[in-house]
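Novice: Residue numbers (full-length UniProt numbering): 1 to 538.
1) By Cβ distance, which residues of its chain are closer than 8 Å to residue 361, with the 5 residues on each side in sequence left out?
2) Mind reading off the beta-carbon distance from residue 143 to residue 293? Whole number of angstroms is fine, and I expect it under 8 Å.
3) Are the CB atoms of residue 402 and residue 418 within a distance shorter than 8 Å?
4) If contacts are defined as beta-carbon pairs under 8 Å, then residue 16 and residue 41 qualify, I think. What distance do you get, rounded to the angstrom?
5) In angstroms, rounded to a whole number, what distance separates the CA positions of residue 531 and residue 520?
6) Please report the distance separating the alpha-carbon of residue 332 from that of residue 516.
7) Does residue 129 get closer than 8 Å to chain D when you measure Cβ to Cβ?
8) Taking all protein chains shown into account, do 16 or more other C-beta atoms lie within 10 angstroms of the C-beta of residue 529, making it buried, or fewer, making it exposed?
9) Decide if residue 84 is buried, meaning its Cβ has at least 16 other Cβ atoms within 10 Å, or exposed.
10) When the Cα atoms are used, what is the spatial distance from residue 298 to residue 274?
11) Nearest-angstrom Cα distance between residue 2 and residue 66?
12) What does the alpha-carbon distance come out to for the pair residue 473 and residue 439?
13) Rounding to the nearest angstrom, what Cα-Cα distance links residue 111 and residue 233 in this structure?
14) Mind checking whether residue 242 and residue 32 have CB atoms under 8 Å apart?
15) Is residue 470 near residue 422, with beta carbons less than 8 Å apart?
16) What number of angstroms, rounded off, separates the C-alpha of residue 12 from the C-alpha of residue 245?
17) Could you tell me which of 90, 128, 119 and 508 sits nearest to residue 222, measuring between CA atoms?
18) Can the beta-carbon of residue 461 be found closer than 8 Å to that of residue 475?
19) Using a 10 Å radius around the Cβ and a threshold of 16 neighbouring Cβ atoms, would you call residue 262 buried or exposed?
20) Could you tell me the boundaries of the alpha helix (DSSP H) in which residue 82 lies?
21) Judging by CA-CA distance, which residue of 384, 182 and 496 is the nearest neighbour of residue 428?
22) In whole angstroms, give me the CA-to-CA distance for residue 178 and residue 162.
23) Is it right to say residue 153 is buried, meaning 16 or more other beta carbons lie within 10 angstroms of its own, or is it exposed?
24) For residue 391, which three-state DSSP category applies?
25) Can you check the segment 273–340 for any beta strand (DSSP E) of at least 3 residues that lies completely inside it and give the ranges in chain order?
26) In three-state DSSP terms, what is residue 44?
27) Quick one: what does DSSP say residue 22 is sitting in, helix, strand or coil?
28) Looking only at its own chain, which residues have a Cβ that is under 7 Å from the Cβ of residue 446, when we skip the five neighbours before and after it?
29) Span of the beta strand (DSSP E) holding residue 344?
30) Can the beta-carbon of residue 397 be found less than 8 Å from the beta-carbon of residue 342?
31) Which residue marks the beginning of the beta strand (DSSP E) containing residue 518, and which one marks its end?
32) Buried or exposed: which applies to residue 385, given that a residue is buried once 16 or more other Cβ atoms fall within 10 Å of its Cβ?
33) Could you tell me if residue 281 is buried or exposed, where buried requires 16 or more neighbouring beta carbons within 10 angstroms of its beta carbon?
34) Rounded to a whole number of angstroms, what is the C-alpha to C-alpha distance between residue 23 and residue 511?
35) Identify, in the order they occur along the chain, each residue of the same chain with its Cβ nearer than 6 Å to the Cβ of residue 408, setting aside the five sequence neighbours on each side.
36) Can you give me the start and stop residues for the beta strand (DSSP E) that residue 97 sits inside?
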């Protein structure tokens, strides 16, 4: 642990400054909503750390995430813990930085042996793809294909000649002479067909040995890939079973028990900082994570980022467990409308609508709602909001209501209005965006515009205000595609102005400035039309 700079060491009550971003999650045991801010002070100290990293040339070749945590002990003394993700210049530990999560040392030998075998497999796969038999087969197939193509051209010419000869014979001959001539032409056509069959048979015989050898190479390729996948999964399982994370209520859990998490979980700055703060008996006050070094994807040097969605967000609730619940967040979700058939709640930004792939380790609106309404059925979900989006969420309390509301959504009879802040002002104040969308399978959870294979996506927009360089906009989605509003705003063929705080299609901020403001639908049993409003919180 490194004490704070001198001018803060003796000032336990030094103001942390306002929060610019919140790390948020629900405790997986108490279900209470917990928050940890990134404050002005944390960002200032992070700027100092950036200068130190640059001066010491700790990141000469590739970029990396760094982080620091301001924490205090029971006496009110403050400390700064600092961390880097993964390893730094090939070393997992550096003086003055928090060490890796404990337990990894128990799998160090297995990790080294696995990495060596993975290198061998990588080399074998490369040699397999570069085997001369593959090139030889490709060349031989091309030679035979050229011969078949040439024969086809010659046969087409002869077919045309036979047709001309047939027409001439019909015009000039009759009787047995005509029959004889037509039979000769028919035999010539049959001979051409036999010639093509003989050439194909010769090709099969000539290529058989090479094809068998390449088939064996393909089988070996698949075996090597299966082996690579198996040993990688075995190492991941062993590492997740041996590595433990400590929460602030003293509970230690193996990473494997926190859900099906990807390789590298626990290597990021966030879990390192919070784990070792808990071990040291410190209480976290503020945290900041930033990228330093050459850019990578959307990561830019000197920019602050929140927890990564795949590795850190799913375990954040466990790591923060034991801290006082966030005073700014209710432990129960606000109920906007309630009757025997349905509920309308206001979902806060950062909370999943329904349990994700990590199960109970990631809090969701439905899970929190079940603490308020224990009789809520499992089939209560009607629609969803993105995790980063706040606003009105409908929940059915019985199967007929769910089915009826589903049908209204399917028929596009539910009228929804969102409000957002854009980074800039669009060229037009009002209009319709028609950009078909589909998942970007190589970059989940991103979506992309695809006019050939995408699903129809329509959004009506209307600018309703200006806040400096930012535009306040009203959005009415006609369809309900994943990330539709976010991508329609950010894409150059849409408005070309990302929503403020969109860490996927724009730039990170304290939140995504998108709110589901109103919804209008027909009550399934009462049959009257209901319109609900939730004031925009920004």
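Each residue gets a CB set at the ideal place from its N, CA and C atoms; glycine is no exception.
Everything numeric in this text was worked out from a predicted model, so none of it was measured.
Specialist: For this structure:
1) Start at 1 with the first residue of the chain shown, and residue 361 comes out as number 361. Interpretation of residue 361 is limited by its pLDDT of 45, a score under 50 that renders its predicted location unreliable; the figure taken from the coordinates is listed afterwards. So the qualifying residues of the chain are 28, 258, 259, 314, 315, 317 and 318.
2) Here residue 143 corresponds to residue number 143 of the chain shown, with the count starting at 1. Here residue 293 corresponds to residue number 293 of the chain shown, with the count starting at 1. Not really, about 51 Å apart at Cβ, beyond 8 Å.
3) Within the chain shown, numbered from 1, the residue matching residue 418 stands at position 418. Within the chain shown, numbered from 1, the residue matching residue 402 stands at position 402. No. Outside cutoff.
4) The residue labelled residue 16 in the question sits at position 16 within the chain shown. The residue labelled residue 41 in the question sits at position 41 within the chain shown. The pair is a contact, with the Cβ atoms about 5 Å apart (cut-off 8 Å).
5) Looking up residue 531 in the chain shown gives position 531. Looking up residue 520 in the chain shown gives position 520. Near 4 Å, if we compare the C-alpha coordinates of residue 520 and residue 531.
6) On the chain shown, residue 332 is found 332 positions in, with the first residue counted as 1. On the chain shown, residue 516 is found 516 positions in, with the first residue counted as 1. Whole-angstrom Cα-Cα distance: 19 Å.
7) Annotation note: the requested chain D is absent from the structure, which comprises a single protein chain.
8) Against the chain shown, residue 529 aligns to sequence position 529. Burial call: exposed.
9) Working through the chain shown from its first residue, we reach residue 84 at position 84. It counts as buried.
10) Position 298 of the chain shown, counted from the first residue, corresponds to residue 298. Position 274 of the chain shown, counted from the first residue, corresponds to residue 274. Their backbone Cα atoms lie some 25 Å apart in a straight line.
11) Numbered from its first residue, the chain shown carries residue 2 at position 2. Numbered from its first residue, the chain shown carries residue 66 at position 66. Confidence in residue 2 is poor, its pLDDT being 41 and thus under 50, which makes the residue's placement unreliable; the coordinate value appears in the next sentence. Distance between the alpha carbons of residue 2 and residue 66 is about 15 Å.
12) On the chain shown, position 473 is the one that residue 473 refers to. On the chain shown, position 439 is the one that residue 439 refers to. Each residue's Cα considered, the two are about 25 Å apart.
13) Taking the first residue of the chain shown as position 1, residue 111 is located at position 111. Taking the first residue of the chain shown as position 1, residue 233 is located at position 233. Whole-angstrom Cα-Cα distance: 11 Å.
14) Along the chain shown, one-based indexing puts residue 242 at 242. Along the chain shown, one-based indexing puts residue 32 at 32. Not a contact, by the Cβ cut-off of 8 Å.
15) Along the chain shown, one-based indexing puts residue 470 at 470. Along the chain shown, one-based indexing puts residue 422 at 422. A contact, by the Cβ cut-off of 8 Å.
16) Residue 12 sits at position 12 when you count from the first residue of the chain shown. Residue 245 sits at position 245 when you count from the first residue of the chain shown. Caution is warranted here: a pLDDT of 45 is assigned to residue 12, below 50, making its placement in the model unreliable, and no coordinate value can be reported.
17) In the chain shown, counting from the first residue as 1, residue 222 sits at position 222. Among 90, 128, 119 and 508, the Cα nearest to that of residue 222 belongs to 128.
18) Walking along the chain shown from the start, residue 461 turns up at place 461. Walking along the chain shown from the start, residue 475 turns up at place 475. Yes, the Cβ-Cβ distance between residue 461 and residue 475 is below 8 Å.
19) To locate residue 262, count along the chain shown from 1; it is residue 262. When all chains shown are included, residue 262 counts as exposed.
20) Counting from 1 along the chain shown, the entry for residue 82 is found at position 82. No alpha helix (DSSP H) contains residue 82, which is instead part of the beta strand (DSSP E) from 78–84.
21) Walking along the chain shown from the start, residue 428 turns up at place 428. The shortest Cα separation from residue 428 among 384, 182 and 496 belongs to 496.
22) Here residue 178 corresponds to residue number 178 of the chain shown, with the count starting at 1. Here residue 162 corresponds to residue number 162 of the chain shown, with the count starting at 1. One C-alpha to the other measures close to 14 Å.
23) Against the chain shown, residue 153 aligns to sequence position 153. Residue 153 sits exposed, since fewer than 16 C-beta atoms from the chains shown fall within 10 Å of its C-beta.
24) In the chain shown, the residue the question calls residue 391 occupies position 391. Strand at residue 391.
25) 283–292 and 335–338
26) The count along the chain shown starts at 1 and reaches residue 44 at position 44. Reduced to three states, the DSSP call for residue 44 is helix.
27) The sequence position of residue 22 within the chain shown is 22, counting from 1. When secondary structure is reduced to three states using DSSP, residue 22 falls in the strand class.
28) If you number the chain shown from 1, residue 446 lands on position 446. These residues qualify, in order along the chain: 440 and 504.
29) In the chain shown, residue 344 corresponds to position 344, counting from 1. Counting along the chain, the beta strand (DSSP E) containing residue 344 begins and ends at 342–347.
30) By 1-based counting over the chain shown, the position of residue 397 is 397. By 1-based counting over the chain shown, the position of residue 342 is 342. Closer than 8 Å, so yes.
31) Numbered from 1 along the chain shown, position 518 holds the residue referred to as residue 518. It spans 514–522 - the beta strand (DSSP E) in which residue 518 sits, taken as one unbroken run.
32) As a first step, residue 385 is located in the chain shown; it is residue number 385 there, counting from the start. Per the 10 Å Cβ criterion, buried.
33) Against the chain shown, residue 281 aligns to sequence position 281. By the neighbour-count rule (16 or more Cβ atoms within 10 Å), residue 281 is not buried but exposed.
34) Taking the chain shown and counting its residues from 1, the one referred to as residue 23 is at position 23. Taking the chain shown and counting its residues from 1, the one referred to as residue 511 is at position 511. Their backbone Cα atoms lie some 10 Å apart in a straight line.
35) Taking the chain shown and counting its residues from 1, one reaches residue 408 at position 408. Only 414 and 521 meet the Cβ criterion.
36) Locating residue 97 in the chain shown gives position 97, where the first residue counts as 1. Careful: residue 97 lies outside any beta strand (DSSP E) and carries neither H nor E.
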